[in-house]
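**Q** I'd like to ask you about the structure that follows.
In the numbering used here, the protein residues as written are 779 to 995.
Laid out in structure tokens, this is it:
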């Protein structure tokens, strides 16, 4: 039977976002967010010479440890994004590990919290603000982007700390840095990286892309 109706027209911005996300995670997930057929999404990536990252199946010890460490501080959907898995997979694994995942939805930002961010931005780091509010640094950064807060206390952090803030594996940070044109400087002691606030902003932009607004309440 002939097909009825017209297929949706994808904008250049949507396709560009799809391709950027497809460079760091399986195309299934950004395609799902756009409401795009996975086969169509694969076509866009292949036509632009972007390798297809396969969907992950087996849980590694690193994945399990990440879930154990972050389940109390991150929502299920945040962990799912970080581990490139579905929310159902996160809940199932958490249940098998005997973990509680009661924090299933994002907390609504209050006017008091917004005011706190405005007043503390000149003398407090994002991490410190997150501790005061009981939120992850990733959530604080996203909310500040929504509110237009740009000035924060400068500081340096390690590659591992940035990975924890973004909710991704440390290996992704180096990949993001390469894509964002950020040169990571190693410390004298070895493999840890000295990442400045400006570099951190560039990495966040490369990780979240144009959908950062959807992370805010």
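Built from N, CA and C at the ideal position, the CB exists for glycine as well. Computed from a prediction, not measured in an experiment: that's the story for all the values here.
Leaving out five residues before and five after residue 837 in sequence, what residues of the same chain have Cβ atoms less than 8 Å from its Cβ?
**A** If we look at residue 837 and ignore the five residues flanking it on each side, its Cβ neighbours are 871.
**Q** Mind checking which residues open and close the alpha helix (DSSP H) that includes residue 914?
**A** Premise fails: residue 914 is in no alpha helix (DSSP H) and is neither H nor E.
**Q** For the alpha helix (DSSP H) holding residue 798, just list the boundary residues, first then last.
**A** That run of the alpha helix (DSSP H) goes 790–800.
**Q** Rounded to a whole number of angstroms, what is the C-alpha to C-alpha distance between residue 846 and residue 901?
**A** Rounded to whole angstroms, residue 846 to residue 901 spans 32 Å at the Cα level.
**Q** State the Cα-Cα distance for the pair residue 927 and residue 797, rounded to the nearest angstrom.
**A** Distance between the alpha carbons of residue 927 and residue 797 is about 28 Å.
**Q** Among the candidates 960, 938, 869 and 808, whose CA atom is the shortest distance from the CA of residue 831?
**A** Checking every option, the nearest Cα to that of residue 831 belongs to 808.
**Q** Where in the segment 831–869 do unbroken runs of the alpha helix (DSSP H), each at least 4 residues long, occur, reported from the N-terminal end onward?
**A** Runs found: 839–848 and 854–861.
**Q** Thinking just about the alpha-carbon of each residue, which of 899, 875, 947 and 977 is nearest to the one in residue 802?
**A** Among 899, 875, 947 and 977, the Cα nearest to that of residue 802 belongs to 947.
**Q** Output needed for residue 918: all residues of its chain with C-beta closer than 6 Å, excluding positions within five of it in sequence on either side, in chain order.
**A** If we look at residue 918 and ignore the five residues flanking it on each side, its Cβ neighbours are 904, 907 and 908.
**Q** How long is the line joining the alpha carbons of residue 953 and residue 977, rounded to whole angstroms?
**A** Each residue's Cα considered, the two are about 13 Å apart.
**Q** Using CA coordinates, which residue listed in 824, 938, 911 and 982 is at the minimum distance from residue 959?
**A** Checked all of 824, 938, 911 and 982; the closest Cα to residue 959 is 982.
**Q** What is the DSSP secondary structure of residue 951, counted as helix, strand or coil?
**A** It is helical.
**Q** If you drop the 5 nearest sequence neighbours on each side, which residues of the same chain put their C-beta closer than 6 Å to that of residue 980?
**A** 958 and 960, listed in sequence order.
**Q** Between residue 868 and residue 879, what straight-line distance do the alpha-carbon atoms span, to the nearest angstrom?
**A** Roughly 9 Å separates the two Cα atoms.
**Q** Measuring alpha carbon to alpha carbon, tell me which residue in 941, 925 and 890 is nearest residue 915.
**A** Residue 915 has its Cα closest to that of 941, out of 941, 925 and 890.
**Q** Throw me the rounded Cβ distance for the residue 816 and residue 806 pair, which I believe falls under 8 Å.
**A** Right, their Cβ atoms sit about 5 Å apart.
**Q** Which runs of the alpha helix (DSSP H), 4 residues or longer, sit entirely within the segment 876–907?
**A** Counting only runs of 4 or more, we get 889–898.
**Q** CA-CA distance, residue 826 and residue 812?
**A** Taking the straight line from one Cα to the other gives about 19 Å.
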